[in-house]
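A short worksheet on the structure shown next.
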Amino acid sequence: MPELPEVETVRRGLTPAMEGVVIKQADVNRPDLRWPFPVDMAARLTGKRVERLRRRSKYILMDLDSGETLLVHLGMSGRMLVSGDPLGQFVHRHPAPEKHDHVVFHMANNARITFNDPRRFGAMDLMETASADAHKLLAVLGPEPLGNDFHESHLIAAFKNKNSPVKSVLLDQRIVSGLGNIYVCEALFRAKIHPTRKAGKISGARVAGLVPIVREVLAEAIEAGGSSLRDFRQADGELGYFQHSFDAYGREGDPCKRSGCTGQIRRIVQSGRSSFYCTQCQR
DNA sequence: AAAAGTGCCTGACGGC
DNA sequence: TGCCGTCAGGCACTTT
Numbered sequence: 001m002p003e004l005p006e007v008e009t010v011r012r013g014l015t016p017a018m019e020g021v022v023i024k025q026a027d028v029n030r031p032d033l034r035w036p037f038p039v040d041m042a043a044r045l046t047g048k049r050v051e052r053l054r055r056r057s058k059y060i061l062m063d064l065d066s067g068e069t070l071l072v073h074l075g076m077s078g079r080m081l082v083s084g085d086p087l088g089q090f091v092h093r094h095p096a097p098e099k100h101d102h103v104v105f106h107m108a109n110n111a112r113i114t115f116n117d118p119r120r121f122g123a124m125d126l127m128e129t130a131s132a133d134a135h136k137l138l139a140v141l142g143p144e145p146l147g148n149d150f151h152e153s154h155l156i157a158a159f160k161n162k163n164s165p166v167k168s169v170l171l172d173q174r175i176v177s178g179l180g181n182i183y184v185c186e187a188l189f190r191a192k193i194h195p196t197r198k199a200g201k202i203s204g205a206r207v208a209g210l211v212p213i214v215r216e217v218l219a220e221a222i223e224a225g226g227s228s229l230r231d232f233r234q235a236d237g238e239l240g241y242f243q244h245s246f247d248a249y250g251r252e253g254d255p256c257k258r259s260g261c262t263g264q265i266r267r268i269v270q271s272g273r274s275s276f277y278c279t280q281c282q283r
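In full-length UniProt numbering, the protein residues as written are 1 to 283.
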């Protein structure tokens with residue numbers, strides 16, 4: 001999916017078109033994504049003003065003036081296309097509808113936001129804003145990696161006695177929420193940690209070192225997303241996964257980018273997901 | 001063929 | 001021996 005940086009980029013891209021704006025109409029073109037849509041979703045969105053767009057982990061949260069919050073998850077292939085907004089930051093003309101346009105928001109400022117998701121691993125739900133944190137999908141999430149609750153002692157405690165590979169521990173959203181397959185590979189590359197290494201056997205110092213590295217990797221990707229967002233404004237307004245230049249992910253067989261390292265990137269499969277790592281510098 | 005995610009199921013293990 | 005909780009690993013969902 002879009003991992004945390006991509007979701008944050010989508011949130012930022014949606015903000016000028018949606019925040020403070022009334023949803024004039026919501027088209028709901030099918031009954032479900034990964035799960036059924038909430039009861040009467042279209043009616044509960046229609047005529048409501050979007051007060052604020054927030055992000056929690058990989059979820060976008062839209063607070064409405066009705067006291068409800070719309071939760072949106074992009075799954076693996078979800079995208080949001082912004083068109084026709086009066087500020088001229090995206091494309092002015094509304095594109096022709098496409099296959100897999102599951103939900104369309106028609107905004108009072110003439111912006112249109114089209115949620116397109118071929119694989120339908122995405123999700124939407126409505127909840128009371130006041131108790132949003134208690135939502136089933138949000139309550140289980142660990143700290144935000146860019147927030148104050150993600151710190152060295154937290155990660156050291158979470159790694160302790162863990163018998164699983166560090167790769168899967170960092171993917172576990174209960175431990176830290178927002179990392180996905182790409183940025184775990186990138187963080188482990190930067191930390192020089194082999195993805196199969198058992199979490200519980202990594203020294204405290206190395207675990208502690210992961211904290212600033214995870215933050216850097218995500219912050220840099222958000223920055224790159226910001227640039228791609230500016231490009232989107234001139235291009236087609238499509239918000240979702242953006243291609244960033246990676247050190248390890250997707251570089252199977254290529255030389256390690258670390259200066260002085262003679263290793264090359266290898267791909268292995270761990271619990272069904274590809275892991276990319278340098279044969280030389282990651283131990 | 002492989003893909004950016006994650007809830008849920010199952011079996012193993014351990015404490016009481 | 002049995003019950004229950006936790007943990008680890010794997011599956012399923014779907015389309016391109």
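Every residue gets a Cβ at the ideal spot worked out from N, C-alpha and C, and that includes glycine. For clarity, every value in this text was computed on a predicted model and none was experimentally measured.
Going by Cα to Cα distance, which pick from the options is closest to residue i?
| i | options | result |
| --- | --- | --- |
| ARG34 | VAL211, SER203, ARG120, TYR59 | ARG120 |
| VAL21 | ILE156, ARG215, ASP63, VAL72 | ASP63 |
| GLY78 | VAL50, HIS106, ALA43, PHE115 | PHE115 |
| GLU144 | ARG190, VAL211, VAL104, SER274 | VAL211 |
| MET107 | LEU61, ALA219, ILE23 | ILE23 |
| THR46 | LEU70, ARG251, GLU238, THR9 | LEU70 |
| GLN264 | SER274, GLY272, GLN282 | GLN282 |
| PHE150 | GLY272, LEU126, LEU179 | LEU179 |
| SER83 | THR15, SER177, ALA191, THR129 | THR15 |
| GLY276 | ASP247, GLY260, PRO165 | The question names Gly, but residue 276 is Phe in the sequence shown. Here the closest residue by C-alpha is ASP247. |
| CYS185 | LEU155, LEU218, LYS162 | LEU218 |
| ARG30 | GLY75, LYS160, ASP101 | ASP101 |
| ARG49 | GLU3, SER228, PHE105, ASP27 | PHE105 |
| GLU68 | MET76, PRO118, ARG44 | ARG44 |
| ILE175 | VAL166, ILE202, LEU141, ILE182 | LEU141 |
| GLY209 | ILE222, ARG190, SER227 | ARG190 |
| MET76 | SER227, ILE182, SER203 | ILE182 |
| GLY204 | HIS244, GLY226, ALA157 | ALA157 |
| ASP117 | THR262, LEU61, ASP32 | ASP32 |
| VAL72 | GLY272, PRO38, ASN161 | PRO38 |
| GLU51 | THR279, ASP65, MET41 | ASP65 |
| GLY122 | VAL103, THR129, PRO165 | VAL103 |
| PRO255 | GLU3, THR279, GLU238 | THR279 |
| ALA139 | SER177, GLU220, ASN148 | SER177 |
Output the boundary residues of the alpha helix (DSSP H) element that contains residue i.
| i | result |
| --- | --- |
| ILE60 | No alpha helix (DSSP H) holds ILE60; the beta strand (DSSP E) holding it covers 59-64. |
| ILE156 | 152-159 |
| LYS167 | 166-171 |
| ARG190 | 181-191 |
| MET41 | 41-45 |
Tell me the DSSP secondary structure of residue i in three-state form.
| i | result |
| --- | --- |
| LYS198 | strand |
| PRO36 | strand |
| ARG174 | coil |
| THR279 | coil |
| MET18 | helix |
| ILE26 | The amino acid at residue 26 is misidentified as Ile; the sequence shows Ala. Here ALA26 sits in strand by DSSP. |
| ARG93 | coil |
| LEU74 | coil |
| SER83 | strand |
| GLU98 | coil |
| residue 284 | Lying before the first or after the last residue shown, residue 284 is absent from the chain, which here runs from 1 to 283. |
If you follow the beta strand (DSSP E) that residue i is part of, which residue opens it and which one closes it?
| i | result |
| --- | --- |
| HIS106 | 101-107 |
| GLU51 | 50-56 |
| ARG120 | ARG120 -> no beta strand (DSSP E), and no H or E assigned at all. |
Report whether the distance from the Cβ of residue i to the nearest heavy atom of the ligand NAP is below 7 Å.
| i | result |
| --- | --- |
| VAL39 | Annotation note on the ligand NAP: not contained in the displayed structure, which lists no ligands. |
Inter-stretch contact (C-beta, 8 Å, three-pair minimum) for the segment 130-147 and the segment 97-109: no
Length-filtered (3 minimum) beta strand (DSSP E) runs lying within the segment 235-277: 265-270
Meets three-Cβ-pair contact criterion under 8 Å: the segment 107-117 and the segment 55-62: no
Inter-stretch contact at 8 Å, needing at least 3 Cβ pairs: the segment 185-205 / the segment 253-273: yes
Continuous beta strand (DSSP E) assignments of at least 3 residues falling wholly in the segment 123-154: 123-128
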